[in-house]
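Chains as they are written, first to last, in the working numbering: chain A, 67 to 418; chain B, 341 to 459.
Where a beta carbon is used, it is the ideal one built from N, C-alpha and C, also for glycine.
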Amino acid sequence: MRHTYLYDAHLSLGAKMGSFGEWEMPLWYSEGVSQEVKAVREDVGLFDVSHMGTFSIRGNVLGALQPLVTNDLSLVPIGKAQYTLLLNEKGGIVDDLIAYRVEEDLWNLVVNAGNRDGDWAWIRERVGKGVVMEDDSESIVLVALQGPHAAATLSELGFSSKGIPRFGLGKGEILGNLVSGARTGYTGEDGFELFIPLQSAFVVWEGLISAGARPCGLAARDVLRLEASFPLHGQDISPRTSPLETGLEWAVKWNKGSFVGKGALLKEREEGSTRERVGIQTRIPVRFGNEVYCGEECVGRVTSGLFSPTLGHPIGLALISRERPEGDLVVMKGGRPRKATRVKLPFYRRKG
Amino acid sequence: MKYTTSHEWVEDESGGRMGITAYAAEAMGDIVFVEFLVAEGDRVEAGQAIAEVESVKSSAQAYAPSEGFVEELNRYVVDDPSLVNADAEGEGHLLILSGLKAEGLMDEETYQTFCENEG
Chain A
67 MRHTYLYDAH
77 LSLGAKMGSF
87 GEWEMPLWYS
97 EGVSQEVKAV
107 REDVGLFDVS
117 HMGTFSIRGN
127 VLGALQPLVT
137 NDLSLVPIGK
147 AQYTLLLNEK
157 GGIVDDLIAY
167 RVEEDLWNLV
177 VNAGNRDGDW
187 AWIRERVGKG
197 VVMEDDSESI
207 VLVALQGPHA
217 AATLSELGFS
227 SKGIPRFGLG
237 KGEILGNLVS
247 GARTGYTGED
257 GFELFIPLQS
267 AFVVWEGLIS
277 AGARPCGLAA
287 RDVLRLEASF
297 PLHGQDISPR
307 TSPLETGLEW
317 AVKWNKGSFV
327 GKGALLKERE
337 EGSTRERVGI
347 QTRIPVRFGN
357 EVYCGEECVG
367 RVTSGLFSPT
377 LGHPIGLALI
387 SRERPEGDLV
397 VMKGGRPRKA
407 TRVKLPFYRR
417 KG
Chain B
341 MKYTTSHEWV
351 EDESGGRMGI
361 TAYAAEAMGD
371 IVFVEFLVAE
381 GDRVEAGQAI
391 AEVESVKSSA
401 QAYAPSEGFV
411 EELNRYVVDD
421 PSLVNADAEG
431 EGHLLILSGL
441 KAEGLMDEET
451 YQTFCENEG
């Protein structure tokens with residue numbers, strides 16, 4: 067198993083460790099997942115997300131990357147970030163990622179842990195000679211500080227985030243250590259993702275915890291992102307699903323020129339998607355892979371399902387046929403039918 | 341106390357309190373639902389699913405270790421599923437079974453070794 071730089075810190079905090087792809091990561095710490103979710107919704111939580119990939123790319127990045135992604139990078143000013151997708155020729159989602167414009171011609175890409183190697187090769191093969199790419203994943207420790215008190219926690223440690231808008235970038239010092247911060251996250255709360263040089267990572271991690279941030283594991287991260295209805299690559303989205311059927315058309319800019327997969331998406335838009343992503347609520351949690359029925363007909367599968375501590379009931383996403391019999395959705399779990407009610411997305415939206 | 345390879349415990353091979361093991365409860369994390377798939381007085385078959393246990397992130401079923409009868413369901417764990425996390429092999433038991441004919445279940449030491457090897 068692969069370990070992040072903060073592995074020993076997790077062990078000393080009493081983390082329950084578990085596997086996430088090829089990574090051994092903290093699932094939760096001593097208080098458990100529900101308390102961690104609550105901390106992020108009401109106070110502030112801290113996640114080690116340094117298993118994710120961080121690439122830097124320098125040169126004519128717009129020219130090189132625009133044809134690979136669905137969103138329009140030319141709309142991103144220096145110091146801002148954008149959520150975007152890499153597609154294959156069939157319009158399937160190779161990965162979702164965030165592109166940060168650090169300087170005019172210097173961008174950072176943060177990609178999913180499980181797709182690090184694949185994305186690196188995918189992008190490298192297609193960007194041509196006009197850019198220089200570097201894999202910073204092993205030299206930068208990425209942590210996420212999330213929750214309504216994230217900004218106050220940072221300022222307590224010397225990092226003022228006042229001028230940083232949502233999806234904006236900033237630099238500052240935490241306990242005297244220079245870090246970059248972006249006002250991004252995956253939880254549906256205000257918060258920051260901090261890019262920390264390896265040598266300062268442990269001090270910053272400890273400092274944030276001493277300032278009141280509760281360490282949170284991947285289980286809480288999964289709960290928080292599903293409550294906010296953010297997709298997880300490998301479950302809700304994958305190379306076999308398109309952005310149009312999974313609620314991500316907002317990240318596709320049709321007028322920006324050509325990009326890999328655009329032809330397939332245009333065809334899908336014209337003919338109509340055959341499937342759609344829906345939000346469901348059940349009495350008992352249903353899980354990834356459970357089949358969804360409408361009458362006698364299997365119409366799709368659950369792509370994410372868990373108990374929401376914030377809402378106090380189970381929630382799930384399912385990918386199902388648009389053309390299906392009328393009537394209620396039923397999820398088969400362990401050989402038993404479980405009635406599912408369709409609910410509007412997102413399941414949770416923060417106030418204000 | 342006797343243990344199964346599917347991470348249940350039972351007081352005795354002939355019956356008594358039964359539940360999921362502390363090891364299983366810890367691996368599941370915060371338990372939020374217990375649902376019984378049998379009723380008091382039911383006859384159960386070996387390997388029959390008798391309860392569904394749900395944590396925030398994962399699902400598990402508890403199975404009858406042999407044929408037998410359902411004496412009593414522990415309704416306290418339905419009202420407060422976190423009891424299973426707090427005391428899986430005591431107050432957080434799932435039910436009481438009788439007339440079991442279980443054989444070859446593991447003792448505590450053997451089960452611990454089994455868990456270490458499985459992890």
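- Taking the Cα of A/Gly355 as reference, the smallest distance to any Cα among A/Pro263, A/Gly361, A/Gly371 and A/Glu363 is reached at A/Gly371.
- Going by C-alpha positions, A/Ile381 is about 8 angstroms away from A/Val352.
- When DSSP states are grouped into helix, strand and coil, B/Leu377 belongs to the coil group.
- Between the segment 272-282 of chain A and the segment 303-317 of chain A there are fewer than three inter-stretch CB-CB distances shorter than 8 angstroms, so the stretches are not counted as touching.
- With contact defined as three or more Cβ pairs closer than 8 angstroms, the segment 225-239 of chain A and the segment 140-147 of chain A are in contact.
- For the segment 83-100 of chain A, residues whose beta-carbon sits nearer than 8 angstroms to a beta-carbon of chain B comprise Leu93, Trp94, Gly98, Val99 and Ser100.
- In this structure, the beta-carbon distance from A/Met199 to A/Phe325 does not fall below 8 angstroms.
- Neighbours of A/Leu372 across chain B, judged by C-beta separation under 8 angstroms: Val396 and Lys397.
- Counting only the Cα atoms, B/Leu440 lies some 8 angstroms from B/Pro405.
- Looking at the DSSP output, A/Asn174 shares a beta bridge with A/Ser122 and A/Tyr166.
- Identification of chain B residues near A/Val289 by a Cβ-Cβ cut-off of 7 angstroms yields Val396, ordered along the chain.
- In the DSSP annotation of this structure, the continuous segment of the beta strand (DSSP E) that includes A/Val396 starts and ends at Leu395 to Lys399.
- Under DSSP, A/Asn243 shares a beta bridge with A/Ile240.
- In the DSSP assignment, A/His76 falls within the alpha helix (DSSP H) that extends over Tyr73 to Ser78.
- Closest option to B/Asp352, judged by alpha-carbon separation, among B/Thr345, B/Glu449, B/Asp420 and B/Glu443: B/Glu443.
- For the set B/Gly430, B/Phe454 and B/Thr453, the Cα lying nearest the Cα of B/Val350 is the one of B/Gly430.
- Between the alpha carbons of A/Glu155 and A/Leu131 lies a distance of about 15 angstroms.
- Residues of the segment 336-369 of chain A with a Cβ closer than 9 angstroms to any Cβ of chain B, in chain order: Arg349, Ile350, Pro351, Val352 and Arg353.
- DSSP places A/Thr369 inside the beta strand (DSSP E), whose first and last residues are Glu363 to Ser374.
- Burial check for A/Asp183: the Cβ neighbour count within 10 Å stays below 16, so the residue is exposed.
- Close to chain B, meaning a Cβ-Cβ distance shorter than 9 angstroms, are the following residues of the segment 385-402 of chain A: Lys399, Gly400, Gly401 and Arg402.
- By the Cβ test, the segment 275-284 of chain A is in contact with the segment 103-116 of chain A, since at least three Cβ pairs between them sit closer than 8 angstroms.
- The C-beta distance from A/Val209 to A/Ile164 rounds to 15 angstroms, too long to fall under 8 angstroms, and the pair is not in contact.
- For A/Leu395 against A/Val358, the beta-carbon gap comes to about 6 angstroms, under 8 angstroms, which counts as contact.
- By the beta-carbon neighbour count (other beta carbons within 10 angstroms, threshold 16), B/Glu348 is buried.
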